[in-house]
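Enquirer:
Residue numbers (full-length UniProt numbering): 1 to 103.
#1: Which same chain residues, not among the five before or five after residue 82, have their C-beta less than 6 Å away from its C-beta?
#2: Going by other Cβ atoms of all chains shown within 10 Å of its Cβ, with 16 needed for buried, is residue 34 buried or exposed?
#3: Pop quiz: residue 106 and residue 53 are said to be a contact at Cβ under 8 Å. What is the actual Cβ separation, rounded to whole angstroms?
#4: Going by alpha carbons, who is nearest to residue 48 out of 92, 91 and 9?
#5: Cα-Cα, which of 58, 84 and 17 is closest to residue 1?
Written as C-alpha cells, this is what we have:
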C-alpha cells in the first residue's frame with residue numbers, strides 16, 4: 001500500500017472553492033480504485049494550510065490513476081476549478097507507506 005500526503009497552501013479568501021475541489025477529489029480518487037482518507041482544513045494555527053491523505057494498493061495503481069485522470073472529464077473539471085479560482089497557491093506531495101505489524 002502507498003499513501004499520498006498532500007500539503008496545500010491555500011487562499012483563505014477562497015476556502016469555499018477549495019472545499020468544493022476537495023469534495024470532488026474524494027469521490028474521484030475512490031472511483032479510480034483508491035481510498036480517500038479526507039481533506040483536513042485549517043482550524044487552529046496556520047490558517048492557509050490544508051492536508052489530504054489517500055491510498056492506493058501500490059505505486060503501480062497510483063500511477064495508473066494519474067494517467068487515467070489526465071483524460072477523465074470530471075478530473076479535468078476539478079483541475080480547472082483550482083486553476084480558475086486560484087484557491088491553491090502551491091502544494092507538496094509525499095509518498096508514505098504504513099508500518100506493518102509483523103509481530
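Cβ coordinates follow ideal geometry from the N, Cα and C atoms, glycine included.
Expert: Let's see:
#1: The residue you call residue 82 lines up with position 82 of the chain shown. Scanning its chain for C-beta atoms nearer than 6 Å, with the 5 sequence neighbours on each side dropped, one finds around residue 82 the residues 21 and 88, in chain order.
#2: Translated into the one-based positions of the chain shown, residue 34 becomes position 34. Answer is buried; the Cβ neighbour count reaches 16.
#3: In the structure as shown, the chain begins at 1 and stops at 103. Residue 106 is therefore absent and cannot be evaluated.
#4: On the chain shown, position 48 is the one that residue 48 refers to. When each option's Cα is compared against that of residue 48, the closest is 9.
#5: The residue labelled residue 1 in the question sits at position 1 within the chain shown. Each of 58, 84 and 17 was checked against the Cα of residue 1, and the nearest Cα belongs to 58.
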